[in-house]
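A.B. asks: Numbering follows numbering that gives the first Met the number 0, in which position 162 of the sequence shown is assigned residue number 161; successive positions increment by one, without gaps.
Pasting a structure below so you can have a look.
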Amino acid sequence: MAAYNPDGDGTMETQLIKTATINLNAPLEDLVTGGAAHTFVTVFADDQPLGSVILPTPLDPFPAGLIRVALADKFGSQLLTTRLCQAMATRSDSVPELAASVVVCTKDRPDDLRKCLASLALLTYPVAEVIVVDNGSASPDIREIVESFGFTYVSEPLPGLDRARNRGIAATSATSDVVLFTDDDVQVAPDWATHLVRVFEDPLAMAATGLILPALLDSKERAQFEQFTGFERGYTRRVFNGANISPYKAGNAGAGASMAFRRQILVDIGGFPEHLDAGMPTESGGDTYLLAEVLRGGFRVVYEPRSIAFHSHRDNADALKKALLGYASGMGAVLATSWHEHHDPAAILVGAQWGLRYYGRRFAKALLKRPGALPPGLAAAEMRAFVRSLNAYRDSLKITEARPSVALSGEGTGPANAP
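Rendered as structure tokens:
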């Protein structure tokens, strides 16, 4: 893994939990904790992630010898297996000759955007372009920030993250083979794009996602975000084959903070559904729906954990609540969209299962005050947001039906998502 250190650098003395990465194929060094009593450590063997663990780190710096002891039992056998596989691997390190574009959507987060673009400036893969879509920011600094990195600034004043994503797709070069997406509150590792693009060596792979780790856990709310709704999908490469897996499993494949698609399939599908995700009443769901569409077409979505991104989790109670309720609303809206677009009766069954098995269980755990459960009030609000997602879906459709959608090619389109 190419070295990249996000904001969790141990410089904040008040940090609740420090974040760090450790490569077990390199000499271990003392860990500077900045006074943090615990450290969220993600362990690698070169570029292969093995897992994460929270270590008590009462000493600053925390000695390398104690780190070795703490990690030996948990990752020892896994490290041996990984080293053997790496030694026997005959695969070339060359990447496919694919032209890749990166799209970042932003709105009123100039400080986060600077960090995101600084990380993209360090990419080892020669991406053809980085396009930043400003989705109606009030801040006048966004264009200046983007152009200071030599990247392309595009304005999309009408609200909606998925509309902004489509504007980014339309702005990419027609010669681009792959379009990669990340968010303005994300920092990526230098080899992030390399591992995502390499997925498309498989001609049936139409989408790829990567491992998303917390950049910081320096507040109670950020730690709760990771606990209640973190984006991590495991540390093993997985292939989701649309020929034999339900499209409603798409959420298990990854999230919009780190994803890539063949440009042609984005055009064929018609891009992201503009009534879903942030800026719309539905609040989220566009990434999940598009991954589901890839699976529905019988193609493959590949989760590649060697592609690393660091997400800045919500850092206050109001933002955490808004995110959790937004994700619940988006999940319901994805099902409503599936029913509307495909008349798929499975959407109703899956909706009942999600409501009872997922949100119902989360609410029951909250009432029973089980360890790691949501506060009861928040769990109840989350369930209500899921139940009311149909209203959010309808409200969003009214907005998008009243305006033309973004044309992804030279040909214009009619009203977005018109029934």
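Don't be surprised by glycine CBs; every beta carbon is placed ideally from N, CA and C.
Do R82 and L27 have their C-beta atoms within less than 8 Å of each other?
C.D. replies: no
A.B. asks: Find out if the Cβ-Cβ distance for the pair L275, A192 is shorter than 8 Å.
C.D. replies: no
A.B. asks: Using the beta-carbon count (16 or more within 10 Å), is H312 buried or exposed?
C.D. replies: buried
A.B. asks: Since S257 and S328 are thought to touch, with beta carbons under 8 Å apart, how far apart are those beta carbons, to the nearest angstrom?
C.D. replies: Not quite, the Cβ-Cβ distance comes to about 22 Å (not below 8 Å), so this is no contact.
A.B. asks: Just the C-alpha distance for P304 and T208, rounded to the nearest angstrom, thanks.
C.D. replies: 8 Å
A.B. asks: I'd like the span of the beta strand (DSSP E) that includes K248, first residue to last.
C.D. replies: Per DSSP, K248 belongs to no beta strand (DSSP E) and is neither H nor E.
A.B. asks: Count the other CB atoms within 10 Å of the CB of Q352; is the residue buried (16 or more) or exposed (fewer)?
C.D. replies: Looking at its Cβ environment, which holds fewer than 16 other Cβ atoms inside 10 Å, Q352 is exposed.
A.B. asks: Considering only C-alpha positions, which residue in the set E143, P158, T18 and A173 is nearest to S408?
C.D. replies: Nearest C-alpha to S408: A173.
A.B. asks: Mind checking who F260 pairs with in its DSSP beta bridge?
C.D. replies: V178 and A206
A.B. asks: Strictly by DSSP, which residues pair up with D46?
C.D. replies: According to DSSP, which records beta bridges pairwise, D46 is partnered with nothing at all.
A.B. asks: With three or more C-beta pairs closer than 8 Å as the rule, is the region 131 to 149 touching the region 248 to 267?
C.D. replies: Verdict: no, contact absent.
A.B. asks: According to DSSP, simplified to helix, strand and coil, what is I16?
C.D. replies: It is a strand residue.
A.B. asks: Straight-line CA distance for I130 to N251?
C.D. replies: Computed Cα separation, rounded: 27 Å.
A.B. asks: Whole angstroms is fine: what's the gap from T13's alpha carbon to V31's?
C.D. replies: The predicted position of T13 is uncertain, since its pLDDT is 42 and thus under 50; a value taken from the coordinates is nonetheless stated next. So the alpha carbons of these two residues sit roughly 14 Å apart.
A.B. asks: So, helix, strand or coil for Y357, using DSSP?
C.D. replies: helix
A.B. asks: Under a three-way DSSP split, which group does Q55 fall into?
C.D. replies: It is Pro, not Gln, that sits at residue 55 in the sequence shown. Here P55 sits in strand by DSSP.
A.B. asks: Within 10 angstroms of the Cβ of P246, are there 16 or more other Cβ atoms? Answer buried if so, exposed if not.
C.D. replies: buried
A.B. asks: Indicate whether A365 and A378 have their beta-carbon atoms separated by less than 8 Å.
C.D. replies: yes
A.B. asks: Considering Cα atoms alone, identify which of S337, H37 and L70 is closest to T56.
C.D. replies: H37
A.B. asks: In the DSSP assignment, find the unbroken beta strand (DSSP E) run with V196 in it and report its ends.
C.D. replies: Bounds of any beta strand (DSSP E) do not take in V196; it lies within the alpha helix (DSSP H) bounded by W191 to R197.
A.B. asks: Enumerate in chain order the residues of its own chain whose CB-to-CB distance from N134 is below 6 Å, with the five nearest sequence positions on each side excluded.
C.D. replies: C104, K106, E155 and A163
A.B. asks: Report yes or no: do the region 224 to 238 and the region 171 to 187 share at least 3 C-beta pairs separated by less than 8 Å?
C.D. replies: Verdict: no, contact absent.
A.B. asks: If I measure Cβ to Cβ from D6 and keep anything under 6 Å in the same chain, skipping five residues before and after, which residues do I get?
C.D. replies: Because D6 carries a pLDDT of 49, less than 50, the predicted location of this residue cannot be relied on, and the following value inherits that uncertainty. Excluding sequence positions up to five before and after D6, its CB lies within less than 6 Å of the CB of A214 and L215, all in the same chain and listed in chain order.
A.B. asks: Starting from the N-terminal side, write out each stretch of the beta strand (DSSP E) that is 3 residues or longer and does not extend beyond the region 273 to 349.
C.D. replies: 299 to 310
A.B. asks: Is the CB-CB distance between V102 and V198 below 8 Å?
C.D. replies: no
A.B. asks: Taking C-beta to C-beta, are G296 and G241 nearer than 8 Å?
C.D. replies: yes
A.B. asks: From F180 to G371, what distance separates their C-alpha atoms?
C.D. replies: 31 Å
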